[in-house]
Amino acid sequence: MKKNRTVDLTYAALMTALAIILSYFPEVPLAFFAPWLKLDFSFTPLMLLGLSVGPAMLFIALLITNVVHILGGTTGGVGELANMIVGLSLLMPPAIMYKRNKTRRSALIGMGIGVVLMALAGVLSNIYILLPAFFGAAFEENMQGMGMNLSGYLTAAIVPFNLVKGVLNSLIAYFLYKRLSKILKEAEEDIAVTADT
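See below:
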């Protein structure tokens with residue numbers, strides 16, 4: 484147990500650090516009318532962590548990533564709270580399903596569920612957290628005053644953005660996981676050999 488724990492903690496620290504870096508760069512704008520929607524790949528290392536170590540460590544890493552991001556962010560923690568919600572929606576289903584049944588099918592089904600939940604969480608977090616924070620309590624009227632339509636914004640920007648971000652992060656994690664799992668297994672075996680000698 485101790486041997487595996489050492490590898491898990493080291494791996495978690497590396498994936499968390501990578502997630503923090505990727506939350507800043509690269510950021511790719513996806514909507515010309517909503518330039519603040521920027522695609523990043525910070526969920527990829529977190530998904531890899533969830534598949535390798537489990538949902539508990541994933542939650543801690545996602546929390547740390549968002550807390551650190553507040554320091555360099557411009558939303559006063561509001562954007563990070565929304566990111567935490569959509570992150571949990573995307574990352575938890577594959578982590579939980581893969582922990583119960585370690586097959587590719589379980590991972591893929593979990594990723595598919597996560598992508599759908601992420602799109603839904605993106606809509607809800609915009610309606611109840613982000614838009615009220617930036618446009619005020621009467622955000623629909625304030626958005627219309629700026630030439631924006633709530634339903635159009637959600638369907639044309641938020642839903643596609645979260646679907647694209649979820650699918651890309653999931654696919655990259657899926658194709659990287661097997662290679663990284665072999666490295667983790669070798670590291671555990673090396674630690675076991677060192678401990679026995």
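When we follow my numbering, the leftmost residue of the sequence shown carries the number 484, and every step to the right adds one. Virtual Cβ for every residue (Gly too), placed ideally from N, Cα, C. No experiment lies behind these values; they were computed from the predicted model shown.
Straight-line Cα distance separating residue j from residue i
| i | j | result |
| --- | --- | --- |
| V490 | A640 | 40 Å |
| V550 | K585 | 31 Å |
| L554 | F508 | 15 Å |
| L663 | N652 | 16 Å |
| I610 | E563 | 15 Å |
| A656 | E623 | 37 Å |
| M484 | M498 | Because M484 sits at a pLDDT of 44, beneath the cut-off of 50, its placement in the model cannot be relied upon, and the point is left open. |
| T527 | T558 | 23 Å |
| G630 | M540 | 43 Å |
| I579 | L531 | 12 Å |
| Y581 | K648 | 21 Å |
| M626 | G556 | 23 Å |
| F617 | V642 | 19 Å |
| L520 | N566 | 12 Å |
| L492 | A621 | 45 Å |
| A590 | G628 | 44 Å |
| D523 | L654 | 14 Å |
Beta-carbon spacing of residue i, residue j below 7 Å
| i | j | result |
| --- | --- | --- |
| L574 | G635 | no |
| N632 | M601 | no |
| A604 | I547 | no |
| L637 | V606 | yes |
| L529 | A500 | no |
| I596 | P576 | yes |
| V650 | V598 | yes |
Backbone secondary structure at residue i - three-state DSSP
| i | result |
| --- | --- |
| L522 | strand |
| V490 | helix |
| P512 | strand |
| I503 | helix |
| A604 | helix |
| T586 | coil |
| I619 | First, the residue type needs correcting, since residue 619 is Gly and not Ile in the sequence shown. If DSSP states are grouped into helix, strand and coil, G619 belongs with coil. |
| T558 | coil |
| M484 | Low confidence applies to M484: its pLDDT is 44, below 50, so where it sits in the model is not reliable enough to give any reading. |
Limits of the unbroken alpha helix (DSSP H) element including residue i
| i | result |
| --- | --- |
| N549 | P538 to G555 |
| Y636 | L633 to Y636 |
| I579 | V561 to R583 |
| M626 | F622 to G628 |
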